[in-house]
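**Q** Residue numbers 710 to 927, in this note's numbering, belong to the letters of the sequence shown in order.
All residues carry an ideal CB built from backbone N, CA and C; glycine is no exception.
First the structure, which I've put down as structure tokens, then a few questions once you've had a look.
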Amino acid sequence: MLDNTEALDQAARETAATFQARELTAHPTTLELLFTEARTHYGWQDRDVSEDTLKALYEIAKMGPTSMNQQPMRVIFIRSDEAKDRLEPCLFEANRPKMRTAPVTAILAYDLNFWEELPTLFPPNKNAQEIFKNNATAAQVNAFRNGTLQGAYFMLAARAVGLDVGAMSGFDNKKVDEEFFHGTSLKSNFLVNLGYADTSKIFRRLPRLSFDQVCETL
Ligand SMILES: Cc1cc2nc3c(=O)[nH]c(=O)nc-3n(C[C@H](O)[C@H](O)[C@H](O)COP(=O)(O)O)c2cc1C
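In structure tokens, the structure reads:
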């Protein structure tokens, strides 16, 4: 007789095997949407983004893998004029109109106390909390690594639900933390403008490093 955990593991293996047998690869259009034709955007149409679209974005982004299933990313969606007024002074001058004209700007943060959720998120390791509880360096490294990974999933998920995206790290993290995360364990990582782009504001595509410049096979 299998206990419940073993039964769940077995069911997951069957699901994964069935999925693998489908031998899926991405349709070329999907690759255009997510990577090869998608651009970083700086100007925005006067067209709203619904809460349902933001929820659909998160439901996709949350499935990206993080170490020990830590999921340290936290998000504030800045939409109202009041919230934009608070964010604006934290940004480098050149980034202010990009945020101001975007219907939504996501502040992507990471929670240094992400480990409090590990009993639920990573039950296989009963001592997972202990790894981070009294080790601020390990907590910081893991929160930043996995929060940043989740930020990348977030941008691709946004594209997947039909949004245009423009990330920004040109701002004062300390100011954002003071304004939005004072007295909490959250730290700002980067910002993502979301909406439907005004394509007249983009620049030429810049070069990418080649496989040979970047990759080595040993
Ligand atoms: C994490 C991150 C931070 C960025 N910060 C800024 C920024 O502060 N201001 C800005 O104008 N562009 C910013 N960018 C945009 C990049 O310069 C742009 O994504 C890159 O040149 C590739 O452009 P492409 O996607 O159109 O090819 C940022 C992009 C990322 C991913």
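Shortest alpha-carbon distance to Val901 belongs to which of Val784, Ala765, Met877, Asp718?
**A** What you label residue 901 is simply residue 192 of the sequence shown in a count that begins at 1. Looking at the Cα atoms, Met877 is the closest of the given residues.
**Q** In chain order, what are the residue ranges of uninterrupted alpha helix (DSSP H) at least 4 long that sit wholly in the segment 742 to 790?
**A** Here the runs fully enclosed are 760 to 770.
**Q** Nearer than 7 Å: is that true of the beta carbon of Met808 relative to any heavy atom of ligand 1?
**A** Reading the sequence shown from its first residue, position 99 is the one you call residue 808. No - ligand 1 has no heavy atom lying nearer than 7 Å to the Cβ of Met808.
**Q** CB of Asn804 to nearest heavy atom of ligand 1: below 7 Å?
**A** Counting from one through the sequence shown, the residue named residue 804 turns up at place 95. At least one heavy atom of ligand 1 is nearer than 7 Å to the Cβ of Asn804, so yes.
**Q** Could you check what DSSP says for Ala848 in three-state terms: helix, strand or coil?
**A** Locating residue 848 in the sequence shown gives position 139, counting from the first residue. The answer is helix: DSSP assigns Ala848 an H, G or I state.
**Q** Taking the C-alpha atoms as reference points, what is the distance between Ala726 and Ile787?
**A** Working through the sequence shown from its first residue, we reach residue 726 at position 17. Working through the sequence shown from its first residue, we reach residue 787 at position 78. Distance between the alpha carbons of Ala726 and Ile787: 41 Å.
**Q** So, is Pro737 buried or exposed, given that buried needs 16 or more other C-beta atoms within 10 angstroms?
**A** Looking up residue 737 in the sequence shown gives position 28. Classification of Pro737: exposed, given that the 10 Å Cβ count is below 16.
**Q** Would you kindly report the start and end of the unbroken alpha helix (DSSP H) that includes Phe801?
**A** Position 92 of the sequence shown, counted from the first residue, corresponds to residue 801. Phe801 -> no alpha helix (DSSP H), and no H or E assigned at all.
**Q** Is there at least one Cβ from chain D nearer than 8 Å to Arg913's Cβ?
**A** Included in the structure is just one protein chain, with no chain D present.
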